Structures are given as C-alpha cells and as structure tokens.
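Protein chains in written order, with the working numbering: chain A, -9 to 194; chain B, -9 to 194.
There are 2 protein chains.
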Amino acid sequence: MTENKGIMLVVSGPAGSGKGTVNAMLLKRDDFAFSVSATTRAARPGEVDGVNYHFITRESFLERIDSGDMLEYTEYCGNFYGTPLKEAEEVLRSGKNLILEIEVEGAMNVKRKYPDAVLVLLLPPSYSVQEARLRGRGTETEEKILLRLARAKEEVALADCYDYVVYNYDDKADEAAAHILSIVDAEKCSIKRNDRVADKYLNS
Amino acid sequence: MTENKGIMLVVSGPAGSGKGTVNAMLLKRDDFAFSVSATTRAARPGEVDGVNYHFITRESFLERIDSGDMLEYTEYCGNFYGTPLKEAEEVLRSGKNLILEIEVEGAMNVKRKYPDAVLVLLLPPSYSVQEARLRGRGTETEEKILLRLARAKEEVALADCYDYVVYNYDDKADEAAAHILSIVDAEKCSIKRNDRVADKYLNS
C-alpha cells in the first residue's frame, strides 16, 4: 500500500444507529470524503453531473458492473445506484479517507472487491434503545417500524463479518466519531499497511 | 474476552526510539499501568517488595517458568527478571491497559503465551536520526554505539512480527503516544475483542 493513502471506511448500521449523524461529523474534517455515486436515473433540476451523481446510461452502468468497476451497487425503483471503484481510488490516492455508508450486503461486496477496506458496524447501545428511537421519530407507520427492526436483526447477525463494532450512545455521536477516528489512525499504523518497514528504515 | 478488560500492550523499540519517554506519557493516564516485575536479585536499600519488584528466590522463579507463570523473562548478571502472568492479568482485570516495555525476543514470547497482546514497534523516524540521537547523548563509547546500532538492525528486521509500527519524530513523543492511544481504542472496538455482539444486542 502506498504511504499516505487514505483508508476506505465502510460504515454500516441499522436504522436508528445514527450513522448519518456520525458520518456527517467525520465529513466535516479535511481528511475525510464521500465518493460521488453513479446512477442511471435522470438528473433532477439543479443536480450537477459529477457533483451530485455521475449520471450514466443503463448500458454504461451494466458494462461497469461487468468490468468490475462497481465496488457495490443496488437497484431501486428501476434505477441503478453504485460506487465506481475508480472514483473511490482517486479519493484514496489524494490521501483522504473515504466513507461509504452502505448496507451489510454491500459492505461484504466491498470487502471482497477491496480487501483493504475497513468495515465498521455502528450500533445503537441496545435493541430496546433502537426501538425507542424509531418510535420516537413519530414519522413512520407501525408496520414500517417493525420491518426496520426485523431488518436490523438480520444486519446485526452479521456483526462477525465486520472488523470493528462501535456503539453510538444517546447524545454521544461525537464519541462514536472519535472511536472511528481511532480506528482509522490505528489502521494506518498497522503492519499490514506499512510494508517493507525494515528496508525503508535501514536505508534512511 | 471480558468487557472492560484492559489491553496488554507490548512496546518495543531500538535504543534511541524514545520508548521510555512515550511510555512515561501513557503511564501518566489513569487507564494505563505497568506491572511489577519479579526478580531473583536481592533488594537494594529502600526497595520495597511488591512495589519495585517482587523479590523471589531462584527456586521459586524457576518453578514459575516451568508452570508457565512467566509471560517473559531474561537472565542478566546471574539474576532472573521477568513478568509474572498473574500480576499482568490482575492489572488487565482491573480495566487498566498494561504496558510491557520489552525487547523483540521477549515480545514474541508474550504473543505466544498471550495471543491477545498487542505488539507495537516504536521507531525513530530513520536510521540516520537514530544514529544521531545515540551519538548526541555523548555518554557512550563508540564501541557501545555501534553495538546498539547493530542490535537495532536485528530488531527492526523483525518488524513484521509486530501488529503496529509507530514512528517517533523528534520532539513529537506526544504524537507517538496519541497513536498508541488510538491503537488501544481501536483494538477495544475490534470484533475479535467483542464476542457475541449480535446475541448481546438482541437481548438488550
């Protein structure tokens, strides 16, 4: 791995884990970035190609899946959305850490395609807190809440596929973000990301 | 691993790496501790058993080696010095992180006996800086300096056996200490130190 290359950081978490808040805190820093996703849906008024999304044709999207250029992708309402590998690698080469906020299945795909990725599972402190958070929003039907909770159970069952677990306690998203910063810092010190330590040292 | 258990942290580094300074910074914190070593040498005036060392007989020391109770040990000038496993485990159970400042060979022995140990290699920014630091002390003979540098080469050659490498830049021991704090924080979030995440979550 090149020195000073950023870390690809996958942050997953069930509904109510607060991953949006935590990731927004990290993205305020100069050394973290999102990558611009690709999509086959049409640009909405005001959306700029290369800023909001890379707007590409369905044919082009499928080609990029075939050629292995999509780190992960999903189909939603007839449109594809995905993370182009080249885009992600550009961010990493610039030295910034890349945050991918994706679901468990996507996370596993990223790890397969890019084994250097670091997978973090963000969890509410407990299932009962999560349930309270979802109900507290007051914006969703009971049916939808139950679906989200069932989905969360499936996601958490795959915890062992992640590298790290970070608990996001109430009103302490800053502490969760600090743990993720520690994880990135530690990963940069890990021997597996520092090759030829002895060679470089002795020739310096 | 028990929740809230401390991390056993082995910090090795060649002469001139500044490990004494960095470890002293960590030990100022409430959540870090040294363990008291055992030795077969006689107590010097003012030394207190159980504080400076556990003063034990040669027979007792050899028994503890045989029974696997010495995490690592060395013989120097006819006396044994070592880290009793029970002593180390008491510190960890109290929730404090334990720092063991030991040489490469000892570090490898600790990892074999206690696979949960985290091995950090602290390095001067370069070999030439290290050489300058050793000569700058002005307290050692040229012969001794050359011996230390040769020994450093042997130690650094084993970098790949460590989990992490941290560079200690001039006048920035606080940054090196901060990296080690990140490593401890990240290790506590690692999935391998958080067993049954899903079970605990779903039953909470």
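For each residue, glycine too, the CB sits at the ideal point set by N, CA and C.
Please read these numbers as outputs of a predicted model, since none were measured by experiment.
- Task: Reducing DSSP to helix, strand and coil, say where Thr11(A) ends up.
- Result: helix
- Item | Reference Thr47(A), options Asn69(A), Lys134(A), Arg34(A) and Met60(A), closest by Cα | Asn69(A)
- C-beta atoms of Tyr152(A) and Leu124(A) nearer than 7 Å: no
- Express the C-alpha separation of Val187(B) and Met(-9)(B) in angstroms, rounding to a whole number. Confidence is the limiting factor: at Met(-9)(B) the pLDDT is only 45, short of 50, which leaves the residue's position unreliable and the question unanswerable from this model.
- Query: At a Cβ threshold of 7 Å, is Asn(-6)(B) touching chain A?
  - Reply: no
- In whole angstroms, what separates the C-alpha of Gly72(B) from that of Met(-2)(A)? 41 Å
- Span of the beta strand (DSSP E) around Glu65(B): Met60 to Tyr66
- Message: According to DSSP, Ile89(A) sits in a beta bridge with which residue or residues?
- Response: Leu(-1)(A)
- Message: For the alpha helix (DSSP H) containing Tyr159(A), name the first residue and the last one.
- Response: Tyr159(A) -> no alpha helix (DSSP H), and no H or E assigned at all.
- How far does the alpha helix (DSSP H) with Leu113(B) in it reach, from first residue to last? Leu113(B) -> not in any alpha helix (DSSP H); beta strand (DSSP E) instead, spanning Val108 to Leu113.
- Query: Under a Cβ-count criterion, where at least 16 other Cβ atoms within 10 Å of its own Cβ denotes burial, should Ser84(A) be classed as buried or exposed?
  - Reply: exposed
- Option in Pro4(A), Met15(A), Ala5(A) and Lys(-5)(A) with minimal Cα separation from Ile170(A): Met15(A)
- Message: Buried or exposed for Lys18(B), going by 16 or more other Cβ atoms inside 10 Å?
- Response: exposed
- Item | Per-residue contacts from Lys143(B) into chain A (C-beta, under 8 Å) | Leu192
- Task: Using three-state DSSP, classify Thr(-8)(B) as helix, strand or coil.
- Result: Summary for Thr(-8)(B): the model assigns pLDDT 46, below 50, so the residue's position carries little reliability; its value from the coordinates is reported in the next sentence. Thr(-8)(B): coil per DSSP, three-state reduction.
- Just how far apart, CA to CA, sit Leu148(A) and Val174(A)? 22 Å
- Which residues bound the alpha helix (DSSP H) around Gly126(B)? Tyr117 to Arg127
- When the Cα of Ser50(B) is compared with those of Val1(B), Ser172(B), Ala5(B) and Thr30(B), which residue comes out closest? Thr30(B)
- For Gly8(B) versus Ala163(B), is the C-beta distance shorter than 7 Å? yes
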